[in-house]
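So the protein lines, in turn, are chains A and B. Start counting the first sequence at 3; every next residue gets the next number (our numbering). Start counting the second sequence at 331; every next residue gets the next number (our numbering). Notes for the one structure printed next.
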Amino acid sequence: MADAAPPLAPPRRRHGRRESVWRWRRSDLAIFALSWIAGMGLCVITSALVAFFAVKGAQYLRPNLLVQSPSPSVSQAGSGGFLDPIEGTILLGAIGLVIAVPLGVTTALWVLEFGRPRWLARIVDSTVEIIAGTPDVVLAIFGLALFELGLFAPLSFGQPGGAFGRSFLTCGIIVSAVAIPSIYTATRNGLISTPRQLREASYALGKTKTATIRRVVLPAIRRDIATGSALGLGRIIGDTAIVILLLGATLQTQTQSSTPILGLLRGTGSTLTSYAFNASPAGDGNAPTKAYAAAALLLVLVLVLNWCVGRIGRIGGPPLHTERRLGA
Amino acid sequence: MSILAQRIRIEPQAEPEPAIERLRLEDVSVFYGGIAAVKNVSFPIHQGEVLALIGPSGCGKTTLLRTLNRLTELTPSASHSGRILLDGEDIDEIVDTELRRRVAMVFQQPNPFPMSIFDNVGFALREQSRRRPRRHEIAPDVDRALQRAGLYREVRDSLDHSALRLSGGQQQRLCIARAIAQQPEILLMDEPCSALDPRSTATIEDLILQLREDLAVVVVTHNLQQARRIADRVAFMYLGDLVELGPTEQIFDDPVEVETREYVAGVFG
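See below:
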């Protein structure tokens, strides 16, 4: 009996002869070179940013800063830590997402699935683009003007001639606007790339459009929604202008009444961004080392969020729609 | 000997004459905009038979199939004339969701929903009532549908796993289980084996032959050998016209029309 043949091993991957880059037309070569320079340049800038704050963080970020509340002091040593800004960041992120996720998802659903008349759907689509392009400080000024109306006093607290207008609630409402475009766009793209056959399979089982969307389409695009939400959360926790104008500019969290949750929501406080701004040489806090520490922590949060976005993309088995692989 | 060749050949003539007429098409034409994709087609479909629609690409087979459960209404430019009667009732008079529960459909590409195997089949049963039935209430029906689709033994220990992780053949059988879970009267199948390997194809074909005992099956296929293996009657369509309809043996061995003869002989396709 002959010996069993050895198992087939794949050969080393190799390409056939290719045309040299130097033989390309100059315009093609220029685009090729610019793409490389832009990509590498961005990498260098990001790496420098991360490296800078990694060094500063290692230098100034101490565990006690994470558990101490900020306190008013002229010296850096006596100005406490940034426990309240961390809590404020988490609370504002939660409020922002609670408002932005349903709004972003349902708006995208309406525009793509039910949007009639079409011109109205196009207007809504453009509106989201306008919100995405509006500077945060403009949103903040508008929010302040809006929530200072006496009508909105329950969201903060009343004062003669109107309302204070600054609280976690008012800030959360306005800051949700910066997250809505990410969530809307991700949901919209998910809906567009959902295979038509999937909807038809549901309709063919005698399901209504609403049942199809609720039970088939939304589960199919949950990764897109999660990715959009994570990106939106990144925008919320990274926002400064809205926080400075609408969260009350108190470094410590101040509740508005003894009511446990409502008092906190109507109260004022700070986030890591507003704390970093306040502690930086541009602010009033005069605590640059703590500004570096808070900024380093913020950067870590953003990097963790980015990592989460990547992980979310792999949850729940193979994707239903084709995803473009990066790279040649 | 190939897997397909080893299969038991079921002679269409050996079957009793189908009696109950479930669906009747009367002068049905289907249009996309101003273009007629199907022209004045009339024929009945009986309980207990497999009717195969054959013909070259673009001849209107799939369009005709999708008209039978009004899926063409999802295409904005599509319209149809003539009448389609389900148990004597015009399908345009039946609420679309009810019609599609009675006339179920399996598509060319397996299209499981992004949920568990159990929920894929349960979805068909759950959404029918206002009150969402509990798992234990629908479990017997889900198991029965999976058994009828010949999938139960393979997935009984993994009913809560994602349906997207099944093989192509298993996914298609899951889609069949999903379609028959609601106990439809008619099962429409649009090239159900075209994306499958020969072994899975053989399984699905056996399944079709078993299913016809309880319902009428209409299959669109490009595979003439498949039509010959599974169909009791074959309808040949060409350029939107129903050229010839008759018993399988007649269509393949002694067709009346020249186009049919040329098509089954492979002169064009």
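Note that beta-carbon positions come from the ideal geometry of N, C-alpha and C, so glycine has one too. Quick caveat, the model's predicted, so the values are computed rather than measured.
> How long is the line joining the alpha carbons of THR533/B and TYR186/A, rounded to whole angstroms?
Replying inline: 44 Å
>> Taking contact to mean 3 or more Cβ pairs, one atom from each stretch, closer than 8 Å, check whether the segment 227–245 of chain A and the segment 534–542 of chain B are in contact.
In response: no
> In this structure, what does DSSP give as the bridge partners for THR270/A?
Replying inline: GLN256/A
> Are the beta-carbon atoms belonging to LEU381/B and VAL594/B less than 8 Å from one another?
Replying inline: no
> Which same chain residues, not among the five before or five after LEU233/A, have their C-beta less than 6 Å away from its C-beta?
Replying inline: SER184
> Does the count of Cβ pairs from the segment 191–210 of chain A and the segment 121–134 of chain A closer than 8 Å reach three?
Replying inline: no
> At what residues does the beta strand (DSSP E) containing ILE244/A begin and finish?
Replying inline: From DSSP, ILE244/A is part of no beta strand (DSSP E) but of the alpha helix (DSSP H) over 243–248.
> What first and last residue would you give for the alpha helix (DSSP H) that runs through GLY135/A?
Replying inline: 120–135
> What separation, rounded to the nearest whole angstrom, lies between the Cα atoms of THR136/A and ARG431/B?
Replying inline: 49 Å
> Where does SER387/B sit, in a helix, a strand or coil, going by DSSP?
Replying inline: coil
>> Tell me the residue span of the alpha helix (DSSP H) that contains ARG464/B.
In response: Taken as a continuous stretch (DSSP letters only), ARG464/B belongs to no alpha helix (DSSP H), as it is neither H nor E.
> What do you get for PHE55/A, buried or exposed, if any count of 16 or more other CB atoms within 10 angstroms of its CB means buried?
Replying inline: buried
> Can you give the Cα-Cα distance for ALA142/A and PRO221/A, rounded to whole angstroms?
Replying inline: 34 Å
> Using the rule of at least 16 other Cβ atoms within 10 Å of the residue's Cβ for burial, across every protein chain shown, is SER530/B buried or exposed?
Replying inline: buried
> Around the C-beta of LEU476/B, are 16 or more other C-beta atoms found within 10 angstroms, so that it is buried, or is it exposed?
Replying inline: buried
>> Here's a check: name, in chain order, each residue in its chain whose Cβ is nearer than 7 Å to the Cβ of GLU89/A, leaving out the five neighbours to either side.
In response: THR255
>> Just to confirm, is the Cβ distance from MET445/B to LEU518/B under 8 Å?
In response: no
> Should ALA507/B and ALA546/B be called a contact, given that it needs their Cβ atoms to be closer than 8 Å?
Replying inline: no
> Among ASP86/A, ALA188/A, ILE132/A, PRO119/A, which one has its Cα closest to the Cα of LEU249/A?
Replying inline: ASP86/A
> Residue range of the beta strand (DSSP E) that PHE361/B falls in?
Replying inline: 351–362
> Under 8 Å, do GLY208/A and THR405/B count as touching if we go by C-beta distance?
Replying inline: no
> The beta strand (DSSP E) spanning PHE373/B covers which residue range?
Replying inline: 365–376
> Can at least three beta-carbon pairs, one atom from the segment 45–55 of chain A and one from the segment 278–290 of chain A, be found at a separation below 8 Å?
Replying inline: no
> In chain A, what lies closer than 9 Å to GLU484/B by C-beta?
Replying inline: Ordered by position in chain A, no residue passes the 9 Å Cβ test against GLU484/B, which lies about 18 Å from the chain.
>> Using the Cβ count rule (16 or more neighbours within 10 Å means buried), how would you classify GLN161/A?
In response: exposed
> Based on the DSSP output, what are the partners of MET519/B in its beta bridges?
Replying inline: VAL436/B, VAL549/B
>> At 4 residues or longer, what runs of the alpha helix (DSSP H) sit wholly inside the segment 484–544 of chain B?
In response: 498–510, 528–541
>> Any C-beta of chain A within less than 7 Å: which residues of the segment 426–440 of chain B qualify?
In response: THR427, GLU428, ARG430, ARG431, ALA434, MET435, PHE437, GLN439
> Are at least three pairs of beta-carbons, each pair with one atom in the segment 410–430 of chain B and one in the segment 188–201 of chain A, less than 8 Å apart?
Replying inline: no
> Leaving out the 5 sequence neighbours to the left and right, which residues in its chain are closer than 7 Å to GLY174/A when beta-carbon positions are compared?
Replying inline: LEU94, ILE97, GLY98, ILE101
> Got a sec: is the Cβ-Cβ distance from ALA222/A to anything in chain B below 8 Å?
Replying inline: yes
> Any idea which residues DSSP pairs VAL69/A with across the strands?
Replying inline: Paired residue(s): none; VAL69/A is not in a bridge.
> Looking at the structure shown, is ARG168/A part of a helix, part of a strand, or coil, going by DSSP?
Replying inline: coil
>> Does ILE185/A come out as helix, strand or coil in the three-state DSSP assignment?
In response: helix
> Who are the Cβ neighbours of ILE194/A in its own chain at under 8 Å, not counting the five residues just before and after it?
Replying inline: LEU114
> Of the residues MET567/B, ALA561/B, GLN580/B, which one's Cα is nearest the Cα of HIS376/B?
Replying inline: ALA561/B
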